[in-house]
Each structure stands twice: as C-alpha cells, then as structure tokens.
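**Student:** After the structure tokens below, expect a handful of questions from me.
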Amino acid sequence: MKSKIHITYDENSRLFVLTKPFVTPELTLPIGMKSDGFSSPWFTRWYVSRVDTGWAAAWVHDHCYQNAIKTKAWADLLFYKNLRRCKVKKLKARHMYLGVKYFGKGKY
6 MKSKIHITYD
16 ENSRLFVLTK
26 PFVTPELTLP
36 IGMKSDGFSS
46 PWFTRWYVSR
56 VDTGWAAAWV
66 HDHCYQNAIK
76 TKAWADLLFY
86 KNLRRCKVKK
96 LKARHMYLGV
106 KYFGKGKY
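With the numbering used here applied, the sequence shown covers 6 to 113.
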C-alpha cells in the first residue's frame, strides 16, 4: 500500500483524523474517520507502537471494525495482508494478526 495517509491529531479525543480519503485495493476510507493507530496494550508498545510500520493496515482494520464490514475473520485476514503489503516482517505480522484474531473487538 503506497498511498499516503493525510491526517490531523485531535487533542480532545486523542485520535488521528483523516483529512483526505484513503484508497486501498479493497476499501476507501472516508474523510473524518478516526483511529488511534495500532490498538495494543501498554505492555506491548515496545513491540508495536501506536504509529509503526504498517500503520495503513491499522487504519483499514479500524474502519472494518467500526463499520462491521463483511466479517471479523475477513477484517482480520485483510489486516494481515495489508501488514505484509506494508513490508511488515512475516513473524511480526503474524503476531499482530493473532492479537486481533483473539482479542480484537468491533461491531461484529
């Protein structure tokens, strides 16, 4: 995924906000969408920070979870696929995928 993500940071909500649509092969994320980046517990931030390589995958995954797009399994697999597209190493992408598979919550 080579598209650049155009964002601002909202101090009040402590979230990032899209200022331009973000287009991926599977989805288009709308202006105004909010994300916290990679959602992970504080004790894993040494491994995956909120803003890290593959950040675009986190945005797409958040969009799927926020809007219950297709199924949770589909969203989680797309997350893994996008991490790999963003050149996240296979083992790290696998760990991140397993994290959302077993602990991710959304509107599903």
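Positions of the beta carbon are idealized from the N, C-alpha and C atoms, including for glycine. Please read these numbers as outputs of a predicted model, since none were measured by experiment.
Just the C-alpha distance for Arg99 and Arg89, rounded to the nearest angstrom, thanks.
**Tutor:** 9 Å
**Student:** Per DSSP, which one or two residues make a beta bridge with Lys39?
**Tutor:** Val22
**Student:** Looking at chain D, is there any beta carbon in it that lies within less than 9 Å of the beta carbon of Arg19?
**Tutor:** The displayed structure is made up of one protein chain only, and chain D is not part of it.
**Student:** Among Phe43, Trp64, Tyr14 and Thr49, which has the Cα closest to the Cα of Pro35?
**Tutor:** Trp64
**Student:** Beta carbon of Phe21, beta carbon of Gly42: below 9 Å?
**Tutor:** yes
**Student:** Between the Cα of Ala61 and those of Leu32, Ile74, Lys75 and Trp51, spot the shortest distance and give me the residue it belongs to.
**Tutor:** Out of Leu32, Ile74, Lys75 and Trp51, the CA that lies nearest to the CA of Ala61 is found in Leu32.
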